[in-house]
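Participant:
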Amino acid sequence: MSAHQVLLEAHEVAKHFGGVKALHDVSLTIRRGEIYGLIGPNGAGKTTFFNCLTGLYRNESGHFVFDGVKLAADAPHKAAEIGIARTFQNIRLFGNMTAIENVMVGRHLRTRAGVFGAISRNAATRAEEAAIARRAEELLHYVGIQERAHDYARHLSYGDQRRLEIARALATEPKLLALDEPAAGMNGTETEALRLLVEGICRDGVTVLLIEHDVKLVMGLCGRVAVLDYGEKICEDVPAVVQKDPRVIEAYLGGSVA
Amino acid sequence: MDTLLQQLINGLTLGAVYALVALGYTMVYGIIGLINFAHGEVVMIGTMVAFTVIVFLAGSGMPPLVILGIGLLVAVAACMVLGWALERIAYRPLRHAPRLTPLITAIGMSIVLQNVAMIIWGRNYITFPPMIHKEIYELGGASFTNVQVAIVCLAALVMLGLTYLVQRTRIGMAMRATAENQQVALLMGVDINRVIAMAFVIGSALGALAGCMVGSYYEIAHYQMGFMLGLKAFTAAVLGGIGNMAGAMAGGLLLGVIEALGAGYIGDLTGDFLGSHYQDIFAFIVLIIVLMFRPSGLFGERTGDRA
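Protein sequence lines, in the order shown, are assigned to chains A and D. The numbering of the first sequence is the working numbering, which starts it at 112 and goes up by one. The numbering of the second sequence is the working numbering, which starts it at 166 and goes up by one.
1) Quick check on the DSSP output: the beta strand (DSSP E) that includes residue 312 of chain A runs from which residue to which?
2) Under a three-way DSSP split, which group does residue 329 of chain A fall into?
3) For residue 430 of chain A, list the residues DSSP reports as bridge partners.
4) Residue 354 of chain D touches chain A at which residues, Cβ-Cβ below 7 Å?
5) When you compare only the Cα positions, how much space is there between residue 430 of chain D and residue 178 of chain D?
6) If we call anything under 8 Å between Cβ atoms a contact, is residue 241 of chain D one with residue 374 of chain D?
7) Check distances from the C-beta atoms of the stretch 199-212 of chain A to those of chain D and list, in chain order, the residues that come in under 9 Å.
8) Helix, strand or coil for residue 323 of chain A, going by three-state DSSP, please let me know.
9) Taking DSSP as the reference, what is the three-state secondary structure of residue 343 of chain A?
10) If you measure from the beta carbon of residue 117 of chain A to each beta carbon in chain D, is any gap under 8 Å?
11) Are the C-beta of residue 239 of chain D and some C-beta of chain A separated by less than 8 Å?
12) Could you check how far apart the C-beta atoms of residue 381 of chain D and residue 309 of chain D are, in whole angstroms? I think they sit under 8 Å.
13) In three-state terms, what does DSSP make of residue 293 of chain D?
14) Going straight from the alpha carbon of residue 117 of chain A to that of residue 338 of chain A, what length do you get?
15) Kindly provide the ranges of any alpha helix (DSSP H) runs that are 4 or more residues long and lie completely inside the stretch 205-264 of chain D, ordered along the chain.
16) Taking the alpha-carbon positions, what's the residue 415 of chain D to residue 217 of chain D distance?
17) Provide the residue(s) that pair with residue 360 of chain D in DSSP beta bridges, ordered along the chain.
18) Enumerate, from N- to C-terminal direction, the unbroken alpha helix (DSSP H) stretches of 4 or more residues contained entirely within the stretch 335-381 of chain D.
19) Roughly how many whole angstroms lie between the Cα atoms of residue 174 of chain D and residue 167 of chain D?
20) Just to check my reading of the structure: residue 191 of chain D and residue 410 of chain D have Cβ atoms closer than 8 Å, yes? What is that Cβ distance to the nearest angstrom?
21) Output, in chain order, the set of chain D residues within a Cβ distance shorter than 9 Å of residue 240 of chain A.
22) Among D:237, D:348, D:390, D:424, which residue has its Cα nearest to the Cα of residue 198 of chain A?
23) If we require 4 or more residues per run, which alpha helix (DSSP H) segments fall completely within the stretch 140-164 of chain A?
24) Under 8 Å by Cβ, that's how I've got residue 316 of chain D and residue 182 of chain D pegged, so tell me the actual separation to the nearest angstrom.
25) By DSSP, does residue 263 of chain A sit in helix, in strand, or in coil?
26) Alpha carbon to alpha carbon, how far is residue 388 of chain D from residue 280 of chain D? Give it in angstroms, no decimals.
27) Within the continuous beta strand (DSSP E) that includes residue 177 of chain A, where are the two ends?
28) Looking only at its chain, what residues have a beta carbon closer than 6 Å to the beta carbon of residue 240 of chain A, apart from the 5 residues adjacent to it on each side?
29) Let's test the definition: count the other Cβ atoms within 10 Å of the Cβ of residue 147 of chain A and tell me whether it reaches 16, buried, or not, exposed.
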């Protein structure tokens, strides 16, 4: 695999909480343009991996190389800057802001107007703010909730809040979109709509890292899948192979292989 | 009847000043949950700087309004720097400390600033040179001056501008996002250190403006004037719901009016046992009542999660 094809490399990333090894030397490689699944039972370390990647946690050892650059640990706004955006398992929108404002905050990174522009209202600032609003509208349209643009985020339905989080993450123009259990709590119809959305995002050139419990969704959507169990990567392959791997079956069913 | 109208007018003037100062408390509280008890002293420094500049320029032959304008601008600039420095030096190193630590630091900074002001400007009352020729207007048996009109109009204009800034601009949205969830704002690429510094700088600029208004209205200044003014503006912020900007504006105006009406009628109410110099008690009666019956304030929705 040439270096150009690789978007993210995790090298033996480890994170401990006291005596608990939440991540134990996890290494994996995500290629440009793929949808990569990260699955595992509850408490396997999936979200911890996300938090280390996005700088919310500082990993004790190991490192990430993203797009050829080694990531500095513990710097969430740097992660966004170099092109990693994420959503949260427990939705974390700005509830007292409208849907479109949430997306506009996501544009913050790629725009620059400061307080003096805000006060002087010069032409450049006004043009930039108009562009921010326009792009935010496009993104709401893209995820299919444009008619809720001016509703408070906390008033949106659960499925729409998930979509809004994705729109806000896309607003930062990520190369890698990391989705933390986006289908959690969704019904079948909503999950199917989500699958189409994620496929569309990938087609439009954004690499996707997907944590998910819904094994059916992961198997249908992802090109490759890694399985975490007790903080260790026990398997990494195409879905068809992963599904048959005895270690994976054991991790999920908790018994010996029949 | 004319007492009522007169005190309403006076209360509105006072309330406009309280509202501007209360905004400084509420913006900082809304973003980092700190009650910046040194804010009253920032207002006092604003008054003192304006005073110094005006006295310095008084003999220069420039038109009085220009001198006043320069004094105001220098005071605003000085307080912006002061607010920035306070955050950078006193509060930022304590960002992750227990809540009580920065609060004690704020009280400490308040004492430091008072003493610095005492060293620079002395311990006596300073007469603020009157720069505006006072015109007195009559309305239904009550009178008011052009200074009062200017204070109320300027305060309204600044508050409108601030509302626009916070509600509509990129920076304002970053501020609101940071107030709601710092960690997520950070992940969206918002530089929260800048946003926090900005809350201090903007709050201090409003404080300097309020300080200049107080100076022009009462025509005196004193190194301890920030203490009582700060406490009352803090009361106004709590009354409106601390952390809520519309609340700070409404709370300020309301407190000003309550205080003025209280001062106007206290003699009648107590059979002249207490005079209008007891007007300060009304602010604190209000504070106690709000804390007892509606601790989240008039506009506040949530309590507890920030406390």
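Even for Gly, the Cβ is constructed at its ideal location relative to N, Cα and C. Being a predicted model, the structure only gives us computed values, none of them experimental.
Facilitator: Judging by the given coordinates:
1) Note, residue 312 of chain A: premise wrong, no beta strand (DSSP E); alpha helix (DSSP H) at 299-314.
2) helix
3) Nothing can be reported for residue 430 of chain A, as the shown portion of chain A is limited to 112 through 369.
4) 188, 191, 192, 219, 220, 283
5) 18 Å
6) yes
7) 199, 203, 204, 205, 206, 207, 208, 212
8) coil
9) strand
10) no
11) no
12) No, residue 381 of chain D and residue 309 of chain D are not in contact; Cβ-Cβ is about 14 Å, not under 8 Å.
13) coil
14) 19 Å
15) 229-250
16) 32 Å
17) In DSSP, residue 360 of chain D forms no bridge with anything.
18) 335-345, 347-352
19) 11 Å
20) 6 Å
21) 333, 334, 335
22) D:348
23) 157-164
24) 7 Å
25) strand
26) 8 Å
27) 172-177
28) none
29) buried
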